[in-house]
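In the numbering used here, the protein residues as written are 112 to 644.
Written as structure tokens, this is what we have:
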């Protein structure tokens, strides 16, 4: 499914941003005992030094020193050495992107939690930069790091400046010649054993300023705390501003502008060979979509999900496919669904989806497509469309089940003559409460012979996401569609710069669910699962 809509890309982006999660599950052999336990999700102490309106923030709940150990333990005996090497490579490459040698600069003193935030001030270009906040294992080790780091910089010819700001000592490299003042790496060690490392002095000063005023930092933002409160516990907490949603995560502008300031939060949860993501969007106004959905009408089912390329479970397709709709789900997945129908190259399938009322399932497999619907009013409409195209309706009995087939004979030029070739318009199988439409008998046969609903195949029924709120839309993309998205996604290119080809995760399937909280009419929940081979 070719999905340019940000919803798909968002899930992948958040996963890549939390490279530790990808790495942990990439080498696992279905042993979950050694995966890091996730603790209660909350804002860490470092959030006090991050502005509430920061561009993008990731609070990590993992000690980067231990990543290679976990990977090595989870790998098979034959691949332990290679797994550890790749884990080190990814971790070190990530920190190298911001000019730090993890093994030399950080490994001896960092503890479990650390935070990374990007500041992106529109008012002052010097204030564009990042800050990395670590908690040291003890004050002595943290102090030793600062002294040794700046001594080495001085030995290498850098001129080091010491400056007192709001009672805190800031160390930074003095700009030389025509360089912009304050664009060099800057650091400060605080009394609470936190070390702040920033891309420039101005960012560090801003971090110290906001720490003094609880109304301006994340830790004192009670609305943000309330938004985070019900997220699933994970190894990383992500907070994004509307600007970050639009420019980095590529959220369409007409959606990003509706999001409240820092109204996006997400938690990342690795488990086995899957990575789960639990996220919320807080909008400035209530969501326009108020359709009540019975989430148990149609579910993703086990036999089909693993033999299918892509699956979509859509509510109110007429509204979703409307170009002029302001419904949030139409804005999120409407364009992607329209493009997918074009690529499907089946006018009758497009007609079915465009005209269907209520809930609908679209399944695309190698053998053909299948549409499951609850809308019996479609039968006379489809009949009229196909009869106008000279198709003939007939009833066949296959395995004691009646099916309806619309077909016709076409003449096809073959050499110097013509041959008659049968053409199927559509095939329908129905029972008392649902319709199955398809373009191939093989797809219908597999569906009729598949087991009843398998709960584990429905991401909403997974143990990670029980008691999901009102679910409106679900997507499940196979390997081909997921990989196609990755190949055109900027953060994937970032991952390629810090990892070897062999250590890149192989995405097998991507599942998404979009819904709302009953008590919060301005919050959209997006939950997903990445399955990695």
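Using N, Cα and C, we set each Cβ at its ideal position, and we do this for glycine too.
### Task
Using three-state DSSP, classify residue 394 as helix, strand or coil.
The residue labelled residue 394 in the question sits at position 283 within the chain shown. The answer is strand: DSSP assigns residue 394 an E or B state.
### Query
Looking only at C-alpha atoms, which of 479, 217, 519 and 538 sits nearest to residue 532?
Within the chain shown, residue 532 is the residue found at index 421, counting from 1. Per the Cα distances, 519.
### Query
Once you ignore the five residues that flank residue 576 on each side, which residues in its own chain have a CB closer than 6 Å to its CB?
Translated into the one-based positions of the chain shown, residue 576 becomes position 465. Unreliable placement is indicated for residue 576, whose pLDDT of 48 sits below 50; the coordinate value is still reported in the next sentence. 638.
### Message
By alpha-carbon positions, which one of 171, 517, 362 and 312 ends up nearest to residue 507?
### Response
Your numbering for residue 507 matches position 396 in the chain shown. Taking each of 171, 517, 362 and 312 in turn and checking the Cα distance to residue 507, the smallest one comes out for 517.
### Task
Using only alpha-carbon positions, find the residue among 627, 488 and 540 that is nearest to residue 510.
The residue given as residue 510 occupies position 399 in the chain shown. Check the Cα spacing between residue 510 and each of 627, 488 and 540: the tightest is with 540.
### Message
I believe residue 420 touches residue 475 by the beta-carbon criterion, under 8 Å. Please report the beta-carbon distance rounded to the nearest angstrom.
### Response
Here residue 420 is taken as the residue at index 309 of the chain shown, counted from 1. Here residue 475 is taken as the residue at index 364 of the chain shown, counted from 1. The C-beta separation of residue 420 from residue 475 comes to about 5 Å, placing the pair in contact by the 8 Å criterion.
### Query
Taking one C-beta from the segment 241–252 and one from the segment 149–169 each time, how about it: are there three or more such pairs within less than 8 Å?
Short answer: they touch.
### Message
Using the Cβ count rule (16 or more neighbours within 10 Å means buried), how would you classify residue 355?
### Response
Taking the first residue of the chain shown as 1, we reach residue 355 at position 244. By the Cβ-count criterion, residue 355 is buried, with 16 or more other Cβ atoms from all chains shown falling within 10 Å of its own Cβ.
### Task
Can you grab the Cα-Cα spacing for the pair residue 457 / residue 450, in whole Å?
For the purposes of this step, residue 457 is taken as the residue at position 346 of the chain shown. For the purposes of this step, residue 450 is taken as the residue at position 339 of the chain shown. Distance between the alpha carbons of residue 457 and residue 450: 12 Å.
### Message
Looking at the strands, I want to know which residues DSSP matches up with residue 283.
### Response
Within the chain shown, residue 283 is the residue found at index 172, counting from 1. Per DSSP, 272 and 297.
### Task
Please say whether residue 447 and residue 482 have beta carbons closer to each other than 8 Å?
Taking the chain shown and counting its residues from 1, one reaches residue 482 at position 371. Taking the chain shown and counting its residues from 1, one reaches residue 447 at position 336. No, the pair does not count as a contact, with Cβ atoms beyond the cut-off.
### Complete runs of the beta strand (DSSP E) confined to the segment 447–513 [at least 3 residues]
Within the segment 447–513, the beta strand (DSSP E) runs of at least 3 residues that lie entirely inside it are, in chain order, 470–476, 479–484 and 503–509.
### Task
Could you tell me whether the Cβ atoms of residue 242 and residue 307 are closer together than 8 Å?
As a working note, residue 242 is residue 131 in the chain shown. As a working note, residue 307 is residue 196 in the chain shown. Yes, they are a contact pair.
### Query
Residues in its own chain within less than 8 Å of residue 230 by CB, not counting five upstream and five downstream?
The residue labelled residue 230 in the question sits at position 119 within the chain shown. These residues qualify, in order along the chain: 162, 165, 166, 238, 239, 240, 241, 242, 314 and 317.
### Query
Is residue 389 closer than 8 Å to residue 378 when the C-beta atoms are compared?
As a working note, residue 378 is residue 267 in the chain shown. As a working note, residue 389 is residue 278 in the chain shown. Contact annotation: residue 378 and residue 389 have beta-carbon atoms nearer than 8 Å.
### Query
To the nearest whole angstrom, what separates the beta carbons of residue 398 and residue 627, a pair I think is in contact under 8 Å?
The count along the chain shown starts at 1 and reaches residue 398 at position 287. The count along the chain shown starts at 1 and reaches residue 627 at position 516. Confirmed, about 6 Å.
### Query
From this set, 321, 254, 269 and 477, which residue's C-alpha is nearest residue 277's C-alpha?
By one-based count along the chain shown, residue 277 stands at place 166. It is 321.
### Task
Figure out for me which residue from 283, 257, 328 and 338 has the closest Cα to the Cα of residue 698.
With the chain covering 112 to 644 only, the question about residue 698 has no answer from this structure.
### Query
Going by C-alpha distance, which of 312, 343, 383 and 197 is nearest residue 178?
Position 67 of the chain shown, counting from 1, holds the residue named residue 178. If you compare the alpha carbons of 312, 343, 383 and 197 with that of residue 178, the shortest gap goes to 197.
### Query
Going by DSSP, which residues form a beta bridge with residue 526?
Along the chain shown, read from residue 1 onward, the residue named residue 526 stands at position 415. According to DSSP, which records beta bridges pairwise, residue 526 is partnered with nothing at all.
### Query
The beta strand (DSSP E) with residue 585 in it runs from where to where?
Your numbering for residue 585 matches position 474 in the chain shown. It spans 581–588 - the beta strand (DSSP E) in which residue 585 sits, taken as one unbroken run.
#### Entry: residue 211 to residue 201 span [Cα, whole Å]
Sequence index remark: in the chain shown, residue 211 carries index 100 (1-based). Sequence index remark: in the chain shown, residue 201 carries index 90 (1-based). Rounded to whole angstroms, the separation of the alpha carbons of residue 201 and residue 211 is 13 Å.
### Query
Hey, would you say residue 342 sits closer than 8 Å to residue 152, going by beta carbons?
By 1-based counting over the chain shown, the position of residue 342 is 231. By 1-based counting over the chain shown, the position of residue 152 is 41. Yes. Within cutoff.
### Query
What are the boundary residues of the beta strand (DSSP E) that residue 375 is part of?
As a position in the chain shown, residue 375 is number 264, starting the count at 1. Residue range 370–382 is occupied by the beta strand (DSSP E) that includes residue 375.
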